[in-house]
Each structure stands twice: as C-alpha cells, then as structure tokens.
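J.: Oh and the sequence shown: position 228 is 543 in my numbering, straight run, nothing missing. All C-beta atoms in this analysis are idealised placements derived from N, C-alpha and C, irrespective of residue type, glycine included. All figures in this text were calculated on a predicted structure; none of them were measured in a lab.
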Amino acid sequence: MSAVHPLLRAKRRKAALRNLAFLSPWIIGFSVFFAYPLLSTVYFSFMHYDGINPPTWTGGKNWSYVFNDYPFFWPALRNTLWLVVVMVTLRVIFGLGIGLLITKIKTGAGFFRTAFYLPYLAPPVAATMAFVFLLNPGTGPVNHILGGIGIPTPGWFTDPHWSKPALTILAVWGIGDLMVIFMAALLDVPKEQYEAAELDGAGAWTRFRYVTLPNISPIVMFAVVTGVIQTMQYYTQPLVAGKVASGIIGNSGQQFEPGYPDKSTLTLPQLVYERGFQRFDYGSACVIALVLFVLAMAFTALLMRRRNGFLSAED
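(1) In angstroms, rounded to a whole number, what distance separates the CA positions of asparagine 583 and leucine 405?
(2) Run through DSSP, which three-state label would histidine 363 get?
(3) Can you give me the C-alpha to C-alpha distance between valine 381 and isoleucine 531, rounded to a whole angstrom?
(4) With DSSP collapsed to three states, give me the class of threonine 551.
(5) Helix, strand or coil: which one does DSSP assign to aspartate 630?
(6) On the three-state DSSP scale, how would you describe threonine 306?
(7) Where does the unbroken alpha helix (DSSP H) through tryptophan 389 begin, and where does it stop?
(8) Mind listing, in chain order, the continuous alpha helix (DSSP H) runs of no fewer than 4 residues lying wholly within the stretch 450-489?
(9) So, at 7 Å on beta carbons, what are the nonlocal neighbours of leucine 586 in its own chain, with the 5 sequence-adjacent residues on each side left out?
(10) In angstroms, rounded to a whole number, what distance separates the CA positions of phenylalanine 497 and glycine 465?
(11) Start and end of the alpha helix (DSSP H) containing asparagine 334?
(12) Using a 10 Å radius around the Cβ and a threshold of 16 neighbouring Cβ atoms, would you call proline 369 buried or exposed?
(13) Quick one: Cα of arginine 428 to Cα of leucine 485, how far?
(14) Along the chain, where does the alpha helix (DSSP H) that runs through isoleucine 499 open and close?
(15) Here's a check: name, in chain order, each residue in its chain whose Cβ is nearer than 8 Å to the Cβ of tyrosine 550, leaving out the five neighbours to either side.
(16) Whole-angstrom Cβ separation of aspartate 365 and tyrosine 597, contact assumed at under 8 Å?
(17) By DSSP, does aspartate 515 sit in helix, in strand, or in coil?
(18) Would you kindly check if the distance between the Cβ of phenylalanine 523 and the Cβ of leucine 415 is under 9 Å?
(19) Cα-Cα, which of Pro439, Gly470, Ala441 is closest to glycine 455?
(20) Should the stretch 441-454 be regarded as contacting the stretch 495-509, the criterion being three or more beta carbon pairs within less than 8 Å?
(21) For proline 452 versus lysine 578, is the C-beta spacing smaller than 9 Å?
(22) Looking only at its own chain, which residues have a Cβ that is under 8 Å from the Cβ of threonine 373, when we skip the five neighbours before and after it?
(23) Does the beta-carbon of alanine 442 have 16 or more other beta-carbons within 10 angstroms, so that it is buried, or is it exposed?
(24) Which stretch, first to last residue, makes up the alpha helix (DSSP H) that contains alanine 424?
(25) From Arg620, Arg324, Leu493, Leu396, pick the residue whose C-alpha is nearest to that of lysine 632; which is it?
(26) For the 8 Å Cβ check, are there 3 or more pairs between the stretch 423-437 and the stretch 533-553?
(27) Run through DSSP, which three-state label would aspartate 384 get?
(28) Using the Cβ count rule (16 or more neighbours within 10 Å means buried), how would you classify arginine 590?
(29) Can you find the residues in the same chain that come closer than 6 Å, C-beta to C-beta, to aspartate 492, ignoring five residues on each side of it along the sequence?
(30) Nearest-angstrom Cα distance between aspartate 630 and valine 504?
(31) Does the distance from the C-beta atom of threonine 483 to that of valine 401 stay below 9 Å?
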C-alpha cells in the first residue's frame, strides 16, 4: 500500500478546510439556535431549577410530576391535539376554497381578495376581544341573529363544549395568508392541462382531483405543516379569550386560572409559560416543551410520509 504524497495530502486538507468554511454559517446557526437549546431543555428537564439558585439533579421527578400529578397537563394536551386536527384542517380547506373561488371570479376579484385578507392584519389580541364580544351569549349580535331565526344559541367562550369551536371560527376568519398562498399556486397551474382534461370530458371535481391537487400538493403540504407548528404554539388567542370571557381582563389584582371555562381553552404553550415564568419551575416547563417538540416532529414526519405515499400513488 503506497503512502499518500505530501502534496496530495495538503491539497485534500485545504479542500476540507474550504468546505468547512463554506458550511460554517449553517453549523454555527444550527448549534446556537437548535442543538444547544434542545440539549439544554433536555438537561433542565431532569433538574430542579428556579432561575436563581444553582440547578440540582432530581432524576425523573419532573417527568413524573407532569404526567401523573399535574392536573392541567392532560386537558391542555387534549385541547392542543383537538385544535391541531380541527383548526388546521378547516383553515386549509377554507383557504383553498376561497382561493379557488376568487381565481374563478371575473369581476370584483380585487375587492373580495382585499376583504378576505384584511382580517389577517388584525392584531391577535384585538381580534380575540372583538370575537368574545360578538359571540357573547347574552348580548352578542351573533346569538341575537341565531335566536331570531330559531336556531339554538351556543354559549361560545363561556361553554366548555363551544369554546374550542369558537377559537376555530376565529382562526378561520383570519385565513388571508393561506388564501394568498393558494391563489399564487392555483394561478401557476398550466392551463394546457385543464384544456386537455376538458377535451377528455373531465368534470369540475375530476379536474380538481387529477390536475389542480397534484400541481399544488407541495403548497398544501407547506400549509398543513406550518399550520401544525403554529397551532402547537397557540398561546395568545385562547389566553385572551379566557380572560375576557371570565371578566378578569382589566382587573389586574384578580387571580386568573388559564383555561376558562373549565380548562377548555388551556393549551400546552400556556403551561410552559405558567410553569417557567410564573411558578419559576423550569424543570417541569422543559418537560412540557419537550412534549410539544416530540408532537411537532411526529406530526411533521407523518405528514411527509403520507405526502410521499400520495405522490407515489399519483405517479
């Protein structure tokens, strides 16, 4: 076996250093913004740490407390999963549906595009407060209209069975971002494919199923994955809705227990904030944050696998 010539070895070392220099921005960013925070979260999930005193090892006590003794964890987990499945699905369906309708409109498309996009620009706190007042079971105009035409009036944000549907309506109301993304994707579908499908006698549903959907499937997947991640971080709207509906907002001296009514608007991000920055129990906050991370990764992996299967079936 012949030895490598010193000149060749120096050339290879130089090439390796050059490649490492090109990769260094990504390596630094990945290490600082992903690897280090993730490893720190895992580390503190096994420690008792209040942010002031040095952390002490507790083993699996934080994990045992969150899963067995913390009464808010399982309701918050169920609420978060419910919102991920229902809210994300409805947002994608309505965003795609409205995008399809507006691309088909011949006149007034600019007006409808603006009308559907404006709600997305509303600040989340202001929009949530407005919805709580609109859906007020006693004085809100929505229940007055429903009652006037003989439809039973829900309790909305004051009823644990209707609070999550009310949050979903609020989320669907602000689908302007998805509508714009879907419109851009729909306008990019080659018209020749539609014309060929029409010559073959394909109806509207067949054209959507076999022409539109395969062409925009990457955009649909993008909307679903980002929707899942955003819903996993759902914090402001349920917290504000619970506070306003319970009458706590504006009275800073009153104690508020997140999740009103009956823990139905409680989400995992609220628990992370409550344990970490109100109770100063960083150990259990890290456990809940890791549960959120694992759920987000599992949903994303499942969706990507389903998409690959869908594309293979289409091919």
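T.: This is what the structure gives:
(1) The sequence given here places leucine at residue 583; asparagine does not occur at that position. For leucine 583 and leucine 405, the distance between alpha carbons rounds to 21 Å.
(2) strand
(3) 41 Å
(4) helix
(5) Confidence in aspartate 630 is poor, its pLDDT being 49 and thus under 50, which makes the residue's placement too unreliable to answer from.
(6) Coverage of the chain is limited to positions 316 through 630, which leaves residue 306 absent and any answer about it impossible.
(7) 388-419
(8) 456-463, 478-488
(9) Phe387, Phe388, Ala391, Ile603
(10) 37 Å
(11) 321-345
(12) exposed
(13) 19 Å
(14) Looking at the sequence shown, residue 499 is not isoleucine but alanine. Its alpha helix (DSSP H) spans residues 491-502.
(15) Thr582, Pro584, Gln585, Tyr588
(16) 7 Å
(17) coil
(18) yes
(19) Gly470
(20) no
(21) no
(22) Phe361, Met362, His363, Gly598
(23) buried
(24) 424-436
(25) With the chain covering 316 to 630 only, the question about residue 632 has no answer from this structure.
(26) no
(27) helix
(28) buried
(29) Tyr435
(30) Residue confidence is low: aspartate 630 scores 49 on pLDDT, short of 50, so the model does not pin down where it sits. No coordinate-derived value is stated.
(31) yes
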